[in-house]
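Q: Using my numbering, you'd call the opening residue of the sequence shown number 921 and step up by one each time. Cβ atoms here follow ideal geometry from the backbone N, Cα and C, with glycine treated the same way. Submitted below is the structure of interest, expressed as structure tokens.
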Amino acid sequence: MSDIRIATAEDQILLEKEAKYCSYGDTVHYIEPPRIFSRCEGSYVWDTSDQAYLDLQMWYSAVNFGYANPRLNNALKQQIDTLPQIASQYLHKGKIELSEMIAVDAKKKFGLDGRVHFNVGGSQSVEDSLKVVRNATNGKSLMFAFEGGYHGRTLGASSITSSYRYRRRYGHFGERAQFIPFPYHFRGPKGMTKEEYGSHCVKQFARLFETEYNGVWDPKVGQSEYAAFYAEPIQGTGGYVIPPMNFYSELKQVLDQHGILLVVDEIQMGFYRTGKLWSIEHFDVQPDVIVFGKALTNGLNPLGGIWAREELINPGVFPPGSTHSTFASNPLGTAVGLEMFKMTSEIDYGAMVMEKGKYFLEGLKDLQKRYPIIGDVDGLGLALRCEICTTDGFTPDKATLDFMVEEGMKGDIEIDGQRLGLILDVGGYYKNVITLAPSLEISYAEIDLGIALLDRLLDRAMKR
921 MSDIRIATAE
931 DQILLEKEAK
941 YCSYGDTVHY
951 IEPPRIFSRC
961 EGSYVWDTSD
971 QAYLDLQMWY
981 SAVNFGYANP
991 RLNNALKQQI
1001 DTLPQIASQY
1011 LHKGKIELSE
1021 MIAVDAKKKF
1031 GLDGRVHFNV
1041 GGSQSVEDSL
1051 KVVRNATNGK
1061 SLMFAFEGGY
1071 HGRTLGASSI
1081 TSSYRYRRRY
1091 GHFGERAQFI
1101 PFPYHFRGPK
1111 GMTKEEYGSH
1121 CVKQFARLFE
1131 TEYNGVWDPK
1141 VGQSEYAAFY
1151 AEPIQGTGGY
1161 VIPPMNFYSE
1171 LKQVLDQHGI
1181 LLVVDEIQMG
1191 FYRTGKLWSI
1201 EHFDVQPDVI
1211 VFGKALTNGL
1221 NPLGGIWARE
1231 ELINPGVFPP
1241 GSTHSTFASN
1251 PLGTAVGLEM
1261 FKMTSEIDYG
1271 AMVMEKGKYF
1281 LEGLKDLQKR
1291 YPIIGDVDGL
1301 GLALRCEICT
1311 TDGFTPDKAT
1321 LDFMVEEGMK
1331 GDIEIDGQRL
1341 GLILDVGGYY
1351 KNVITLAPSL
1361 EISYAEIDLG
1371 IALLDRLLDR
1381 AMKR
């Protein structure tokens, strides 16, 4: 139990009601007592006593373009006054134009024709992708996925999410994925470069296909028991682990040789988090399916979906009624998605994100030099990681990071006469990684402020 204060008397009443009437099944109660927030703008949120907090996780990377982004908010407001809602079995202009935008972009980048299918969020879109994959592979229901991977908490998504914690209480998952080691170089074998370790991981995976006795391959008919490999190109909940640049191209060669589809989960890293529309673009491979969500609508009116190759999703193989959601392709969501694409096309948005990410990473590296409890920092664009360890610089230290998160939520850090809080997200295999996903619209001054706030929290952690 932390000593985070309850902001107001009204908060106390609300928390008492919450304790009686609300489920505790979500993640609100990771910190006690929960903070109640009242407004947001840009990179900040404010609690009910008007205390400001700099947010460096932006709703798990759902709000890439800043809280209350005026342009995206206005797109939603305008849509409310024209076509606010329509049943998903009917067409509207926004659905068609947004599908075209995503499909044309994929054709340009990957050289593949494809189609888009919408749903209301990430986990639901993962479920749709599983249907597409199983349908395209004659009902094969087994998948590969990565250790440390996270794809959601619906039943199907839980089966390909590596953490048993999300499955334990819901019965046996007979079609649970086979989990393959991810090239997590910081915790990999010593003596290998990052690229060498990536190749090593691919070779270990390829061993599964050497003989029929490795359990996944029938060499007599040239068929794998597995339908697809689900991958976050950069691991999200797993701790923003960034693989070597040679990894996916080498992995894709193995998959193509054995008729296994590559499904990339861009739910957290998509929409310029890494400086490109899709994080898989950094790795020079052609995905078979892309799953997306979160930042497509900047957290407004949830909308997710999948892009799949034409061969997998054309009407001849995936006909009407193959999957459905009442709120899929909702016009409010597609309106915001279209405006997001327009907004990011007007400047070299990717270059801007890469420049800010480089600047932020330099600040983290400076902190690493001064604090021995920072074992590793890394980043691609504005997907950044800071791994907290004991003073040996390697042993995971979850307790210290938990302390830092709670200290940040107290809202009592003094910087240049201003009192602030700092919102951090925890990830990683050992829950000892700060996963930093600031607004892509963050200013350089706010990056400096974020580094200064982290500096104060690290100082507190070292002195406690």
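1) Can you check the region 1313 to 1374 for any beta strand (DSSP E) of at least 3 residues that lies completely inside it and give the ranges in chain order?
2) Would you say I1343 and D946 are within 8 Å of each other, going by their C-beta atoms?
3) Comparing C-alpha positions only, which one of L1223, K1276, Y1168 sits nearest to F1203?
4) To the nearest angstrom, how far is the alpha carbon of S943 from that of R1229?
5) In whole angstroms, what separates the C-alpha of G1041 from that of A1007?
6) To the nearest angstrom, how far is it from the Cα of T1081 to the Cα of R1376?
7) Give the C-beta separation of S1079 and F1066 to the nearest angstrom, bearing in mind that I take them to be a contact with Cβ-Cβ under 8 Å.
8) When you compare the region 1262 to 1272 with the region 1230 to 1241, are there three or more beta-carbon pairs, one atom per stretch, that lie closer than 8 Å?
9) Within 10 Å of its beta-carbon, does E1266 have 16 or more other beta-carbons around it, so buried, or fewer, so exposed?
10) CB F1191 to CB N984, shorter than 8 Å?
11) Going by beta carbon distance, what residues of the same chain come within less than 6 Å of T1315, once the five residues before and after it are set aside?
12) Thinking C-alpha only, which one of G1159, N1218, R1290, L1062 is nearest M1263?
13) Once you ignore the five residues that flank K1114 on each side, which residues in its own chain have a CB closer than 7 Å to its CB?
14) May I have the straight-line CA-CA distance separating I1367 from A1319, to the nearest angstrom?
15) For A1372, collect the residues of the same chain with a Cβ closer than 7 Å to its Cβ; drop the 5 residues on either side in sequence, then sort them by chain order.
16) For the region 1182 to 1263, list the alpha helix (DSSP H) runs that are entirely contained and at least 4 residues long, ordered along the chain.
17) Which first and last residues belong to the beta strand (DSSP E) in which N1039 is found?
18) Quick one: residues in its chain with C-beta nearer than 6 Å to the C-beta of Q1098, no 5 flanking neighbours on either side, listed in chain order?
19) Compare the Cα-Cα distances from C1121 to each of R1073, W1137, V1174 and report the closest residue.
20) Ends of the beta strand (DSSP E) at S958?
21) Between which two residues does the beta strand (DSSP E) harbouring F1066 extend?
A: Taking the structure as given:
1) 1333 to 1335, 1338 to 1343, 1353 to 1356
2) As a working note, residue 1343 is residue 423 in the sequence shown. As a working note, residue 946 is residue 26 in the sequence shown. No, they are not a contact pair.
3) What you label residue 1203 is simply residue 283 of the sequence shown in a count that begins at 1. With distances taken between Cα atoms, F1203 lies closest to Y1168.
4) Residue numbering aside, residue 943 sits at position 23 when the sequence shown is read from its first letter. Residue numbering aside, residue 1229 sits at position 309 when the sequence shown is read from its first letter. Near 40 Å, if we compare the C-alpha coordinates of R1229 and S943.
5) Locating residue 1041 in the sequence shown gives position 121, where the first residue counts as 1. Locating residue 1007 in the sequence shown gives position 87, where the first residue counts as 1. Cα to Cα, the separation comes out at about 17 Å.
6) Within the sequence shown, the letter at position 161 stands for residue 1081. Within the sequence shown, the letter at position 456 stands for residue 1376. T1081 and R1376: Cα-Cα distance of roughly 35 Å.
7) To locate residue 1079, count along the sequence shown from 1; it is residue 159. To locate residue 1066, count along the sequence shown from 1; it is residue 146. Rounded, the Cβ-Cβ distance is 14 Å, inconsistent with contact.
8) Between the region 1262 to 1272 and the region 1230 to 1241 there are fewer than three inter-stretch CB-CB distances shorter than 8 Å, so the stretches are not counted as touching.
9) As a working note, residue 1266 is residue 346 in the sequence shown. Counting Cβ neighbours within 10 Å, E1266 comes out exposed, since fewer than 16 surround it.
10) Counted from its first residue, the sequence shown places residue 1191 at position 271. Counted from its first residue, the sequence shown places residue 984 at position 64. Contact: yes.
11) Taking the first residue of the sequence shown as position 1, residue 1315 is located at position 395. Only C1309 meet the Cβ criterion.
12) In the sequence shown, the residue the question calls residue 1263 occupies position 343. Nearest C-alpha to M1263: N1218.
13) Mapped onto the sequence shown, residue 1114 falls at position 194. Closer than 7 Å at the Cβ level, and outside the excluded window around K1114, lie H1105, P1164.
14) Position 447 of the sequence shown, counted from the first residue, corresponds to residue 1367. Position 399 of the sequence shown, counted from the first residue, corresponds to residue 1319. Each residue's Cα considered, the two are about 26 Å apart.
15) For the purposes of this step, residue 1372 is taken as residue 452 along the sequence shown, with counting starting at 1. I1335.
16) Runs of the alpha helix (DSSP H) inside the region 1182 to 1263: 1230 to 1233.
17) Working through the sequence shown from its first residue, we reach residue 1039 at position 119. Counting along the chain, the beta strand (DSSP E) containing N1039 begins and ends at 1034 to 1039.
18) Counting from 1 along the sequence shown, the entry for residue 1098 is found at position 178. Excluding positions up to five away in sequence, the list reads F1064.
19) Counting from one through the sequence shown, the residue named residue 1121 turns up at place 201. The shortest Cα separation from C1121 among R1073, W1137, V1174 belongs to V1174.
20) For the purposes of this step, residue 958 is identified with residue 38 of the sequence shown, where counting begins at 1. Segment 957 to 961, the beta strand (DSSP E) holding S958.
21) Sequence index remark: in the sequence shown, residue 1066 carries index 146 (1-based). Looking at the DSSP string, the run of the beta strand (DSSP E) that includes F1066 is 1062 to 1066.
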